[in-house]
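Q: In terms of UniProt numbering, the sequence shown opens at residue 1 and continues consecutively.
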Amino acid sequence: YQCCLGCGLTDGVFNVELKLTAAGPKLIEINPRMGGFYLRDWIREIYGVDIMLASVMVACGVAPVLPTPSRPRTNLVGVMCLVSQHLQALKSTASLEILQALHERGVIRLNLLEDEIVSKEYEEPYCNVACTSSSRQEACVKLLGICQVLGIDSLHYPVAYFLSHFK
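#1: Please classify Gly106 as buried or exposed, where buried requires at least 16 neighbouring CB atoms within 10 angstroms.
#2: Would you say Arg136 and Val79 are within 8 Å of each other, going by their C-beta atoms?
#3: Can you tell me whether Asn15 is buried or exposed? The criterion is at least 16 other CB atoms within 10 Å of its CB, across all chains shown.
#4: In terms of alpha-carbon separation, which member of Leu82, Gly151, Ser133 lies closest to Leu113?
#5: Taking only the alpha-carbon atoms, compute the straight-line gap between Pro25 and Glu97 and give it to the nearest angstrom.
#6: Alpha carbon to alpha carbon, how far is Val129 from Leu88? Give it in angstroms, no decimals.
#7: For Ile108 versus Arg73, is the C-beta spacing smaller than 8 Å?
#8: With DSSP as the reference, identify every bridge partner of Lys19, one or two as the case may be.
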């Protein structure tokens with residue numbers, strides 16, 4: 001937010017990429033667009049804001065009516081599934097049918113990002129698998145357990161290591 005204000009960006013939706021360093025956050029880039037993948041879905045779930053609708057309204061010169069900033073309604077923690085890393089699991093223990101069934105039962109939150117399980121030269125994630133909870137720690141524990149059972153967690157894709165940064 002402060003980076004956008006510092007650049008004179010006050011109206012609109014911006015995707016800001018930062019890297020956390022030992023010296024503090026480092027700005028990588030600011031893009032004049034909504035973030036991709038599952039971000040719209042997650043922002044709507046966590047904060048109750050439809051970022052796409054807000055973006056369209058701002059583009060049309062209409063101030064969006066947004067809820068008063070408050071504490072997040074939930075915590076979401078997720079991992080991307082990549083064909084190069086998860087092909088075996090995506091064809092067996094983490095098949096689309098299994099992932100959809102777990103999503104429908106509320107065990108996971110599934111965002112399907114590709115229609116087919118196909119290797120490509122420039123890989124995009126196939127899906128995002130996430131868990132929700134009232135606490136970040138509990139969401140991490142749930143996600144790690146699910147990823148271990150589904151075969152998403154592996155030596156080459158160490159979910160526990162990824163989650164260790166969310167303390």
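No residue lacks a Cβ here, since even glycine has one placed at the ideal position from N, Cα and C.
A: To lay it out plainly:
#1: exposed
#2: no
#3: exposed
#4: Leu82
#5: 40 Å
#6: Per the sequence shown, the amino acid found at residue 88 is Gln instead of Leu. Distance between the alpha carbons of Gln88 and Val129: 16 Å.
#7: no
#8: Lys26
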